[in-house]
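K.L.:
Residue numbers (the working numbering): 17 to 411.
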Ligand code: AMP
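1. Just to confirm the assignment, what range does the beta strand (DSSP E) spanning residue 108 have?
2. Can you grab the Cα-Cα spacing for the pair residue 29 / residue 279, in whole Å?
3. Which runs of the beta strand (DSSP E), 3 residues or longer, sit entirely within the segment 68 to 97?
4. Mark residue 324 as exposed unless 16 or more other C-beta atoms lie within 10 angstroms of its C-beta, in which case mark it buried.
5. Identify, in the order they occur along the chain, each residue of the same chain with its Cβ nearer than 7 angstroms to the Cβ of residue 85, setting aside the five sequence neighbours on each side.
6. Going along the chain, which residues of its own chain have a beta-carbon closer than 6 angstroms to the beta-carbon of residue 347, five neighbours each way excluded?
7. Just to confirm the assignment, what range does the alpha helix (DSSP H) spanning residue 272 have?
8. Determine the burial state of residue 38: buried for a count of at least 16 other Cβ atoms within 10 Å of its Cβ, exposed for fewer.
9. Please determine if the segment 373 to 381 and the segment 392 to 410 are in contact, where contact requires at least 3 C-beta pairs separated by less than 8 angstroms.
10. Residue 196 lies in the alpha helix (DSSP H); which residues open and close that run?
11. Please determine, among 244, 167 and 40, the residue with the shortest C-alpha to C-alpha distance to residue 3.
12. Should residue 79 be counted as a contact of the ligand AMP given a C-beta to heavy atom distance under 7 angstroms?
13. Output the distance between the C-alpha atoms of residue 8 and residue 258, rounded to the nearest integer angstrom.
14. Would you identify the three-state DSSP class for residue 31, choosing helix, strand or coil?
15. Would you identify the three-state DSSP class for residue 146, choosing helix, strand or coil?
16. To the nearest angstrom, how far is it from the Cα of residue 172 to the Cα of residue 115?
17. Quick check: the segment 327 to 338 against the segment 355 to 363, are there 3 or more CB pairs under 8 angstroms?
18. Reducing DSSP to helix, strand and coil, say where residue 394 ends up.
19. Residue 281 and residue 333 - do their beta-carbons sit closer together than 8 angstroms?
20. Taking the straight line between their C-alpha atoms, what separation do you get for residue 78 and residue 132?
21. Kindly list the residues whose CB is nearer than 7 angstroms to the CB of residue 105, restricted to its own chain and excluding five residues on each side of it in sequence; keep chain order.
22. Is there at least one non-hydrogen atom of the ligand AMP closer than 7 angstroms to the beta-carbon of residue 113?
23. Relative to the ligand AMP, is the shortest distance from any of its heavy atoms to the C-beta of residue 342 smaller than 7 angstroms?
24. Tell me residue 363's beta-bridge partners as DSSP assigns them.
25. Check the DSSP bridge columns for residue 233 and list the partner residues they point to.
26. Three-state secondary structure (DSSP) at residue 378?
27. Would you kindly check if the distance between the Cβ of residue 255 and the Cβ of residue 345 is under 8 angstroms?
28. Evaluate the contact criterion for the segment 183 to 197 versus the segment 46 to 66: three or more CB pairs, one atom per stretch, below 8 angstroms.
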């Protein structure tokens, strides 16, 4: 069975529509929202429901309160930011279920919005507890999942609740995420290039094993490159290496060779004498990383090589920075790749929280086709997994 989308539901007027959003947004010490991409992403769905005259009930998690009510993790700042962005008031419930919340839901008028409190204030959420899901559902008529970034989790507000509310659908953000992913992976215009970076091979092993059988080119940067370079016999100093994964790296390299996948690794890097923004650093070929030094970015020759590898790309997927881009001294490789991806005449899809912020820091966010709101969910799709939250919508 296919997925039903919110705009395929006939009459939302006066219906109680429960929308699972992902407002797990970064905040500063005073609790103010510092990055609202995920809130912005859910607005088209929320606005649509409001315009249809639905009574809108929003639910989300924030942080890791570990099943306890902790004021630090209240949804209030996120609902306040939503109100500013959407231009209508958002009521904040004191809890996510219970008599008081039921009263607030019952007194909602069509077109009004109520934000429930953090669903992870109760252990039932992460346990996918049906009883907790029933409490959350609270007599709602329609359930909409627009929380792509949490759809790889079988949690109560994502999975169990779909068994309790009679009508279930996906929102527009979810539709965009799945559509772009499908375009890139199910029937891609080739050459299809995957760029992977970030800290460790272990975090992306399954993804690499899957991609090597699907893509035309793989470009590897970031800390994960050094396990591959070590597997090829280079001495990589104190760079990040997962020794136990060297045989796996060798296997991935040989599969790439068998399949004719072009495999790009850094040819030079920026090495530092410590993992600090102020560390002494210099550029060196990967063949000459001195003992005791660690590579924290790809070098300019690698940036040129990677840029050239993208020249004929028609579809590009990118997850993970090329270096420790959070530190100015080691951000150039990531920014150069961001510029190269933005300059491609291709469908370009960016996934993962870090890559998202790197692309924004590089100022090219408007020149890529799509920035996914999902980190873990995006990686699980790349691995070929079916997300529980998506499966639940298929009925
Ligand atoms: P991930 O969550 O696996 O995508 O990793 C992202 C993190 O990898 C970022 O915080 C980067 O600072 C870090 N990173 C990227 N390149 C390196 C490197 N060469 N050495 C250590 N950490 C790195």
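Every residue, glycine too, gets a C-beta built ideally from N, C-alpha and C.
P.N.:
Well, looking at it:
1. Here the question's residue 108 lines up with position 92 in the chain shown. Here the beta strand (DSSP E) through residue 108 covers 106 to 108.
2. The count along the chain shown starts at 1 and reaches residue 29 at position 13. The count along the chain shown starts at 1 and reaches residue 279 at position 263. Between the alpha carbons of residue 29 and residue 279 lies a distance of about 54 angstroms.
3. Segments of the beta strand (DSSP E) lying fully in the segment 68 to 97: 71 to 75.
4. Walking along the chain shown from the start, residue 324 turns up at place 308. Exposed, by the Cβ-count rule.
5. Within the chain shown, the letter at position 69 stands for residue 85. Here the set comprises 137.
6. As a first step, residue 347 is located in the chain shown; it is residue number 331 there, counting from the start. The beta carbon of residue 347 is closer than 6 angstroms to those of 341 in its chain, skipping five residues each way along the sequence.
7. Here residue 272 is taken as the residue at index 256 of the chain shown, counted from 1. Here the alpha helix (DSSP H) through residue 272 covers 262 to 275.
8. For the purposes of this step, residue 38 is taken as residue 22 along the chain shown, with counting starting at 1. Buried, because 16 or more other Cβ atoms sit within 10 Å of the Cβ of residue 38.
9. With the cut-off at 8 angstroms, the segment 373 to 381 and the segment 392 to 410 do not touch.
10. Residue 196 sits at position 180 when you count from the first residue of the chain shown. From DSSP, the alpha helix (DSSP H) with residue 196 extends over 188 to 201.
11. The structure shown has nothing for residue 3, since the chain only spans 17 to 411.
12. As a first step, residue 79 must be located in the chain shown, where it is residue number 63. Relative to the ligand AMP, even the nearest heavy atom lies 7 angstroms or more away from the CB of residue 79.
13. The displayed coordinates of the chain run from 17 to 411. Any statement about residue 8 would go beyond what the structure contains.
14. Walking along the chain shown from the start, residue 31 turns up at place 15. Residue state, collapsed to three classes: coil.
15. The residue labelled residue 146 in the question sits at position 130 within the chain shown. Shown here, residue 146 sits in a helix according to DSSP, grouped into three states.
16. Your numbering for residue 172 matches position 156 in the chain shown. Your numbering for residue 115 matches position 99 in the chain shown. Between residue 172 and residue 115, the alpha-carbon positions lie close to 19 angstroms from each other.
17. Contact between the segment 327 to 338 and the segment 355 to 363 is present, with at least three C-beta pairs closer than 8 angstroms.
18. Mapped onto the chain shown, residue 394 falls at position 378. Helix at residue 394.
19. Position 317 of the chain shown, counting from 1, holds the residue named residue 333. Position 265 of the chain shown, counting from 1, holds the residue named residue 281. No, these two residues do not count as a Cβ contact at 8 angstroms.
20. If you number the chain shown from 1, residue 78 lands on position 62. If you number the chain shown from 1, residue 132 lands on position 116. So the two alpha carbons sit approximately 12 angstroms from each other.
21. Counting from 1 along the chain shown, the entry for residue 105 is found at position 89. Closer than 7 angstroms at the Cβ level, and outside the excluded window around residue 105, lie 99.
22. Residue 113 sits at position 97 when you count from the first residue of the chain shown. For the ligand AMP, not one heavy atom lies less than 7 angstroms from the Cβ of residue 113.
23. What you label residue 342 is simply residue 326 of the chain shown in a count that begins at 1. With a cutoff of 7 angstroms, residue 342 counts as near the ligand AMP, since its C-beta is closer than that to a heavy atom of the ligand.
24. In the chain shown, the residue the question calls residue 363 occupies position 347. Under DSSP, residue 363 takes part in a beta bridge, and its partners are 331.
25. As a position in the chain shown, residue 233 is number 217, starting the count at 1. DSSP output for residue 233 lists 209 and 278 as bridge partner(s).
26. The residue you call residue 378 lines up with position 362 of the chain shown. Reduced to three states, the DSSP call for residue 378 is coil.
27. Locating residue 345 in the chain shown gives position 329, counting from the first residue. Locating residue 255 in the chain shown gives position 239, counting from the first residue. No, these two residues do not count as a Cβ contact at 8 angstroms.
28. The answer is yes - the segment 46 to 66 touches the segment 183 to 197, with three or more Cβ pairs under 8 angstroms.
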